[in-house]
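This report refers to the structure that appears directly beneath it.
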Amino acid sequence: MPALLAENVTAGYGHSPIINDITLSAELNSVTTIIGPNGAGKSTFAKTLVGILRPTSGRIVVNDVDITRMAGHLIPRHGLVYVPQNDNVFKRLTVRENLEVGGFASRANTAARMEEILDIFTDLQKAVEKKAGFLSGGQQNLLAIARALMVDPSVIMLDEPTAGLSPAYTDVVWSQIARIAKLNTAVLVVEQNVERALKHSDEVHIFVAGRNHVHGAADEIAGLDLASIFLGRSHAS
Ligand SMILES: Nc1ncnc2c1ncn2[C@@H]1O[C@H](COP(=O)(O)OP(=O)(O)O)[C@@H](O)[C@H]1O
Ligand SMILES: [Mg+2]
Numbered sequence: 303m304p305a306l307l308a309e310n311v312t313a314g315y316g317h318s319p320i321i322n323d324i325t326l327s328a329e330l331n332s333v334t335t336i337i338g339p340n341g342a343g344k345s346t347f348a349k350t351l352v353g354i355l356r357p358t359s360g361r362i363v364v365n366d367v368d369i370t371r372m373a374g375h376l377i378p379r380h381g382l383v384y385v386p387q388n389d390n391v392f393k394r395l396t397v398r399e400n401l402e403v404g405g406f407a408s409r410a411n412t413a414a415r416m417e418e419i420l421d422i423f424t425d426l427q428k429a430v431e432k433k434a435g436f437l438s439g440g441q442q443n444l445l446a447i448a449r450a451l452m453v454d455p456s457v458i459m460l461d462e463p464t465a466g467l468s469p470a471y472t473d474v475v476w477s478q479i480a481r482i483a484k485l486n487t488a489v490l491v492v493e494q495n496v497e498r499a500l501k502h503s504d505e506v507h508i509f510v511a512g513r514n515h516v517h518g519a520a521d522e523i524a525g526l527d528l529a530s531i532f533l534g535r536s537h538a539s
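Take the sequence shown: its position 208, counting from 1, is numbered 510 in this note's numbering, and each next residue is one higher.
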């Protein structure tokens, strides 16, 4: 059983669905990335996984537990956490306080876990007493990821963690993502840059018009005509 299994998930905001019949899984120690054109439903899928939106059909299973109808605030306890693209840190709290808030939902020892996390995020280590609002955009994104990791999740869902960052900082974030996967975590990422997704991921899924159009190992996907697929002209699988 994969750490995360989404099976035939259909969901939307009103009467007509935005995402249709999406099936996707994510494994521990591995980076699974969703790419696809703007408006394809990547963020809608992310929000459905973590209980912000309710699927009208399908199921979502984390570590063998069906979380499909679970209240959103209970989902992190079952091992799935989510980092939205924007507004993902408490700007008036310090780095340390943000991490403490993140550990609140956890049964783990917060202090020990914080040490483990700061060991990876060395930029944050140097700024633990700084207010989050004074960090750079890239550092704030890393803090949001670090905070989500405080509960020692088995699955972490990151929605465009590098959006708006400089190329140099984008590389920093992706190298942290690789290290997070190695902490026995399944990392699921939405990334708008195709090249970057192919370079850093194990598995890649391409969403087009609300469907999981194509998926495979990153090196297989790299060989496809992605421009046609993005335009919905090709149905390769
Ligand atoms: N809060 C919302 N209410 C209604 N429609 C929405 C909402 N958010 C997104 N949508 C619509 O859902 C579709 C998919 O959006 P989204 O999941 O954000 O795509 P992506 O993340 O792939 O760019 C778009 O047509 C968008 O307009
Ligand atoms: Mg999006």
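Glycine included, every Cβ here is placed at the ideal spot set by N, Cα and C.
From residue i to residue j, what does the alpha carbon distance come to, in whole angstroms?
i	j	result
residue 442	residue 391	7 Å
residue 524	residue 515	15 Å
residue 511	residue 470	31 Å
residue 332	residue 405	23 Å
residue 380	residue 372	10 Å
residue 343	residue 427	35 Å
residue 400	residue 357	31 Å
residue 535	residue 382	34 Å
residue 541	residue 453	The structure shown does not extend to residue 541, since the chain is modelled only from 303 through 539, so no value can be given for it.
residue 508	residue 495	12 Å
residue 503	residue 316	33 Å
residue 322	residue 346	11 Å
residue 388	residue 444	12 Å
residue 376	residue 403	15 Å
residue 490	residue 465	15 Å
Would you please state the rounded distance, in angstroms, between the beta carbons of residue i and residue j? I believe it to be under 8 Å.
i	j	result
residue 506	residue 348	The pair is not a contact, with the Cβ atoms about 16 Å apart (cut-off 8 Å).
residue 395	residue 432	Rounded, the Cβ-Cβ distance is 10 Å, inconsistent with contact.
residue 352	residue 460	Wrong, their Cβ atoms sit about 12 Å apart, outside the cutoff.
residue 429	residue 475	Not a contact, Cβ separation roughly 16 Å.
residue 477	residue 365	Wrong, their Cβ atoms sit about 27 Å apart, outside the cutoff.
residue 311	residue 350	6 Å
residue 458	residue 487	6 Å
With hydrogens ignored, establish whether the beta-carbon of residue i is closer than 7 Å to any heavy atom of ligand 3.
i	result
residue 342	As far as ligands go, the structure on display features ligand 1 and ligand 2 and does not contain ligand 3.
Which residue comes first and which comes last in the alpha helix (DSSP H) that contains residue i?
i	result
residue 443	439-451
residue 421	412-422
residue 398	397-405
residue 501	496-502
Tell me the residue span of the beta strand (DSSP E) that contains residue i.
i	result
residue 488	488-492
residue 458	457-461
residue 485	Note, residue 485: premise wrong, no beta strand (DSSP E); not H, not E.
residue 382	382-385
Let me know the beta strand (DSSP E) ranges lying completely inside the segment 312-371, each 3 residues or longer, listed in chain order. Secondary structure in the segment 312-371: the beta strand (DSSP E) runs of 3 residues or longer, each lying completely within the stretch, are 321-328, 332-337 and 359-364 in chain order.
Go through the residues and name those whose CB comes closer than 7 Å to any heavy atom of ligand 2, in chain order. That query returns the following residues: 344, 345, 387, 461, 462 and 492.
In chain order, what are the residue ranges of uninterrupted beta strand (DSSP E) at least 3 long that sit wholly in the segment 506-537? DSSP runs (the beta strand (DSSP E)) wholly in the segment 506-537: 513-519.
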